[in-house]
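**Q** Residue numbers (our numbering), protein chains in the order written: chain A, 85 to 451; chain B, 85 to 451. Note that the Cβ used here is the ideal one computed from N, Cα and C, for glycine as well.
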């Protein structure tokens, strides 16, 4: 990159992607997957009302730069004002803006070793220094995260609840308790992408304008709109306002705004989806158990399955599934990478998983 | 913004929007516009094939992080390889990434006084220093821009051809000739958002991998997909690769990718749209002339109309139109702000313009 006068930071960054997308995988293997159950997409799909709202949107008009109707509905849903809510291009986009607002060259940030890689991508992209703490019994460890934040004077501390990729979770009360040790100078970035799938009591039971925390939510998971790219954050208005300094104001797809609004308003569909998710989690657990593997308890729309050996073995099982048209993923870091991560699928997709898994395990044992 | 530890740069930035969106305007006036012809949207709409492709997209799946099919089609369309093309969340999004790659605190950038404000928003957002040169006879002035770039050692030089907000244009040959004075250290950012609407010979007639230039294109204008948020850039692969360092890889809406592909493949619809745009430009000119105003020649999907006095008078005319339900905009900078800018509309919308304009002018004269 010598010909162009990029900034020193940009010069130093790799051209990379936080993880390989399902479509790229399919091109690599040269055919569509039998079961696309690796990216924690919601195969049960969005509310038909959302589909209709998107189809009826006039796409010649720019999207509303304020996402006004959607924010108004979200405020009512969460019992906040509209000023507590920012809508953006998925949690990924919002994390990028947040990191940009807080993190300059050398600023410290804390996350768990093996947590969501896109957060790390953004931190690296703005020159921040990432400090990692290990998982504890396959759970993210809020006390260790906050202690590390104090040690390194972190500007941001990231935790997902429920966790991705493990599916484990803490009660909101546990997190609120742990937050008593959150240093005053650190903002808690609480990624609740999967929280709709979790048991009651998982949401953080603190006021939405608690200045210590920003919560990230999405329509990509329980609401089944990953392709639409609609995320939102909830925080004190003073922090939400800061997003207007840097965000792509006209970045929101118009149909996506309408689809998300319709999806939010169809809580009956959501309930039905969550029921399907719950049953699929059970079935994945059943299939894993039938094959001598150990499913971890999950409060998300996927299940981490312990393959019982090391990362190389889990990778071999994963490769065997992918070779049989079953797209799954696995954690990046040790010791979580003894698991593979299987997203909730339809009955037919899980039938295909059940059919493929024995041979994949057999192959892995013979590797 | 004292409670949060934003970066010093973020602290210093205003919470702002480059310009106020049409939906926000409508909320402010409390009703929908009779004619939404102020944001250079394409009221003639996208190809029905694009509408269908979007409606048929499974939105539960993430969008393709590589926009592979769209980039492949764009490469064929432009006679390049896929590696010459990056797809992003509108030109706005791509300009943000480009500025981020090149501009650090205090880095110099050159643009015209009164050109596209979103570029300036991004430059300010990364701490760059904006240098402006005046328009010349209502045209952007490439020679002055490049001379200024040499003077201030600019990393980026921005020019839109055709220009927004004036609608004026240079032949591609003129720009190529002027580029002989582009300093070696400056990248020419050529915004061709409206180029499909322009006469043959307006596109820059240089190889697509000329390392001195990056061209920005969009599906928001001629293709009628502003709400979908699909822009792309064409440049040498070495520069395109740099976008992968910082972009939101999974930021592209899945339906938008499919819609843009279908729109690109329906060149017949495009031709029909361009014919409608051309007729609407003529009609706007006619209406302006009938009211004693002077339409500027335009190669875009709008017409700048000289109201014959100063900015205050043009603003009064604009206010009179808006009060009558006709949404138009106007240039920000003197002397271009003696004009109002009217986007191409349907016959009915331009009928409404013709009906409202005499009274708006009369009101302005009496202000």
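#1: From what residue to what residue does the beta strand (DSSP E) around residue 301 (chain A) run?
#2: Tell me which residue opens and which closes the beta strand (DSSP E) that residue 447 (chain A) is part of.
#3: Beta-carbon within less than 6 Å of residue 290 (chain A)'s beta-carbon, same chain only, minus the 5 sequence neighbours each way: which residues are those?
#4: So, for residue 254 (chain A): in the same chain, excluding its five sequence neighbours on each side, which residues have a beta-carbon less than 6 Å away from its beta-carbon?
#5: How would you list, in chain order, the residues of chain A whose beta-carbon sits under 8 Å from the beta-carbon of residue 101 (chain B)?
#6: Measure how close the beta-carbons of residue 147 (chain A) and residue 338 (chain A) come, nearest whole angstrom, since I'm counting them as under 8 Å.
#7: Contact between the region 433-441 of chain A and the region 404-412 of chain A is defined here as three or more beta-carbon pairs at a separation below 8 Å; is this criterion met?
#8: List, in chain order, every chain B residue whose beta-carbon is nearer than 8 Å to that of residue 405 (chain A).
#9: Given a cut-off of 8 Å, decide if residue 200 (chain B) and residue 248 (chain B) are closer than it, judged by their beta-carbon atoms.
#10: Report the neighbours of residue 127 (chain A) on chain B: residues whose CB is nearer than 8 Å to its CB, in chain order.
#11: So with Cβ pairs under 8 Å, would you call residue 438 (chain A) a contact of chain B?
#12: Quick one: does residue 203 (chain A) have its CB under 8 Å from some CB of chain C?
#13: Could you name the residues of the region 210-226 of chain A whose beta carbon sits closer than 8 Å to any beta carbon of chain B, in the order they occur along the chain?
#14: Chain B partners of residue 105 (chain A), CB-CB under 9 Å?
#15: Using a beta-carbon distance below 8 Å, is residue 123 (chain B) in contact with chain A?
#16: Given 8 Å as the limit, is there contact between the region 375-395 of chain B and the region 99-119 of chain B, that is, 3 or more CB pairs closer than that?
#17: Keeping to the same chain, check which residues put their C-beta closer than 6 Å to that of residue 174 (chain A); ignore five residues upstream and five downstream.
#18: Use the C-beta contact count for residue 264 (chain A): other C-beta atoms within 10 angstroms, 16 or more gives buried, fewer gives exposed.
#19: Specify, as a first and last residue, the run of the alpha helix (DSSP H) that residue 412 (chain A) falls within.
#20: Using the Cα positions of residue 285 (chain B) and residue 163 (chain A), report the straight-line distance between them to the nearest angstrom.
#21: What are the boundary residues of the beta strand (DSSP E) that includes residue 213 (chain B)?
#22: In the structure shown, what three-state DSSP assignment does residue 196 (chain A) receive?
#23: Helix, strand or coil: how does DSSP classify residue 210 (chain A) here?
#24: Run the CB neighbour count on residue 96 (chain B), radius 10 Å, all protein chains shown included, and call it buried at 16 or more, exposed below.
#25: Who are the Cβ neighbours of residue 155 (chain A) in its own chain at under 7 Å, not counting the five residues just before and after it?
#26: Answer with buried or exposed for residue 106 (chain A), where buried requires no fewer than 16 other C-beta atoms within 10 angstroms of its C-beta.
#27: Compute the distance between the beta-carbons of residue 223 (chain B) and residue 194 (chain B), then report whether it is under 8 Å.
#28: Return helix, strand or coil for residue 324 (chain A), following the three-state DSSP convention.
#29: Output yes or no for whether 8 Å exceeds the beta carbon distance between residue 192 (chain B) and residue 237 (chain B).
#30: In whole angstroms, what separates the C-alpha of residue 280 (chain A) from that of residue 123 (chain B)?
#31: Of all Cβ atoms in chain B, is any one closer than 8 Å to the Cβ of residue 87 (chain A)?
#32: Would you mind giving the Cβ-Cβ distance between residue 378 (chain A) and residue 121 (chain A), rounded to the nearest angstrom? I have them listed as a contact below 8 Å.
#33: Please report the residue range of the alpha helix (DSSP H) in which residue 256 (chain B) lies.
#34: From what residue to what residue does the alpha helix (DSSP H) around residue 243 (chain B) run?
#35: Compute the Euclidean distance between the alpha carbons of residue 188 (chain A) and residue 211 (chain B), then round it to the nearest angstrom.
#36: Considering only the alpha carbon of each residue, which of B:375, B:343, B:293 lies closest to residue 138 (chain A)?
**A** Concretely, from the data shown:
#1: 297-302
#2: Note, residue 447 (chain A): premise wrong, no beta strand (DSSP E); alpha helix (DSSP H) at 431-449.
#3: Result list for residue 290 (chain A): 260, in chain order.
#4: 245
#5: 149, 328, 333
#6: 4 Å
#7: By the Cβ criterion, the region 433-441 of chain A is in contact with the region 404-412 of chain A, since at least three pairs of Cβ atoms, one from each stretch, lie closer than 8 Å.
#8: Going along chain B, no residue has its Cβ under 8 Å from residue 405 (chain A), so there is no contact; the nearest lies around 19 Å.
#9: yes
#10: 144
#11: no
#12: In summary, chain C is missing from the structure at hand, where the protein chains are A and B.
#13: none
#14: 146, 147, 148, 149, 150, 333, 334
#15: yes
#16: no
#17: 313, 315
#18: exposed
#19: Here residue 412 (chain A) belongs to no alpha helix (DSSP H), and DSSP marks it neither H nor E.
#20: Taking the straight line from one Cα to the other gives about 57 Å.
#21: 213-217
#22: strand
#23: coil
#24: exposed
#25: 166, 169, 171
#26: buried
#27: no
#28: helix
#29: yes
#30: In a straight line, the C-alpha of residue 280 (chain A) is about 38 Å away from that of residue 123 (chain B).
#31: Look at residue 87 (chain A): its C-beta is under 8 Å from a C-beta on chain B.
#32: Not quite, the Cβ-Cβ distance comes to about 19 Å (not below 8 Å), so this is no contact.
#33: 256-262
#34: Boundaries for residue 243 (chain B): no alpha helix (DSSP H) harbours it, while the beta strand (DSSP E) harbouring it runs 240-244, taken from the DSSP string.
#35: Each residue's CA atom was taken as its position, placing residue 188 (chain A) and residue 211 (chain B) some 12 Å apart.
#36: Cα-wise, what sits closest to residue 138 (chain A) is B:343.
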